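Just so we're aligned: the sequence shown equals residues -13 to 173 in my numbering. Note that beta-carbon positions come from the ideal geometry of N, C-alpha and C, so glycine has one too. Small disclaimer: the values here were computed from a predicted structure and weren't measured.
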Amino acid sequence: HNGNYTGTWVSYPPIALPVTIAVGQSFQIHNSTGGPLTYSLSNSARTVANPTFYKTLMLNELLKVSLDNGVKTDTTMIWFDGSATDNFDPAVDANRMADALPHPMIYSVVNNEAVLFNGLPTMNPGDQKTVDITIRIAVHGAHTLGFYGLNNLTPNVIMEDRKLNVFQPVFEGMTYPFTTVSGESPD
């Protein structure tokens, strides 16, 4: 596609290659060189087999954080796995593509890369980790953060509202309403 992306998209857990992509699913190619990229698939790459539909895969320690503006919702995911590191790992992290305005956006940043799916090393009891979440608000006003998947997480999760300087323990299904005005920091 030449030009700006105009839709929305969702990322699911990274998978090990090689795989067969089921009908109705897509994949992302991240070109880190910034130059032109040509990618083609021949007819021999097609299959009539019944491949796995990867959307159904679930991770045990997955935290989903949603951002809702009352009309549109976006979600970022943070998960813990022994194969992940604190750096950007192309095998376990997924870049965050920008949605078209006025969609809200939520993501974390790893090594200056906006990531939608952030894989982090498994945490042991007593470990602490800070994960900065960034939001992009196109329409200012009332918004809500939602937190899901905490029942499967070993560590306790605490959210810091940097605007109000409030620390809030997070629990499964919790929602956190907030209001934004033009010109505020997205962090």
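Quick one: is residue i buried, meaning 16 or more other Cβ sit within 10 Å of its Cβ, or exposed?
{"i": "A84", "result": "exposed"}
{"i": "P155", "result": "exposed"}
{"i": "T144", "result": "Thr is not the amino acid found at residue 144; the sequence shown has Ile there. Exposed, by the Cβ-count rule."}
{"i": "V167", "result": "exposed"}
{"i": "T161", "result": "exposed"}
{"i": "L43", "result": "Here the model assigns L43 a pLDDT of 42, short of 50, so the residue's position is not dependable, and the following value carries that caveat. Exposed is the call here."}
{"i": "R148", "result": "exposed"}
{"i": "D113", "result": "exposed"}
{"i": "D72", "result": "exposed"}
{"i": "F157", "result": "exposed"}
Sort the options by Cα distance to residue i and report the nearest one.
{"i": "N175", "options": "V152, V51, M145, H129", "result": "One cannot answer for residue 175 here, as it falls past the ends of the chain, which runs -13 to 173."}
{"i": "N151", "options": "F164, N97, G56", "result": "F164"}
{"i": "E47", "options": "E146, F153, N142", "result": "N142"}
{"i": "E146", "options": "K115, D72, N81, A80", "result": "K115"}
{"i": "T61", "options": "G68, D67, L53", "result": "L53"}
{"i": "Y134", "options": "I119, I123, G159", "result": "G159"}
Pull up the CB-CB distance for residue i and residue j, whole angstroms please, since I reckon it's below 8 Å.
{"i": "S94", "j": "V117", "result": "6 Å"}
{"i": "L131", "j": "L49", "result": "Contact flag wrong, Cβ pair sits at about 12 Å."}
{"i": "N55", "j": "F74", "result": "Going by Cβ atoms, the distance from N55 to F74 rounds to 28 Å, so no, they are not a contact pair."}
Check this for me: beta carbons of residue i and residue j, under 8 Å apart or not?
{"i": "I92", "j": "I64", "result": "no"}
{"i": "A70", "j": "P111", "result": "no"}
{"i": "P22", "j": "K58", "result": "no"}
{"i": "F66", "j": "M109", "result": "yes"}
Quick one: is the Cβ of residue i within less than 7 Å of any heavy atom of the ligand ZN?
{"i": "L131", "result": "This structure lacks the ligand ZN, and indeed carries no ligand of any kind."}
task = Say whether the segment 126 to 134 touches the segment 97 to 114, bearing in mind that this needs 3 or more beta-carbon pairs closer than 8 Å, one atom from each stretch.
result = no
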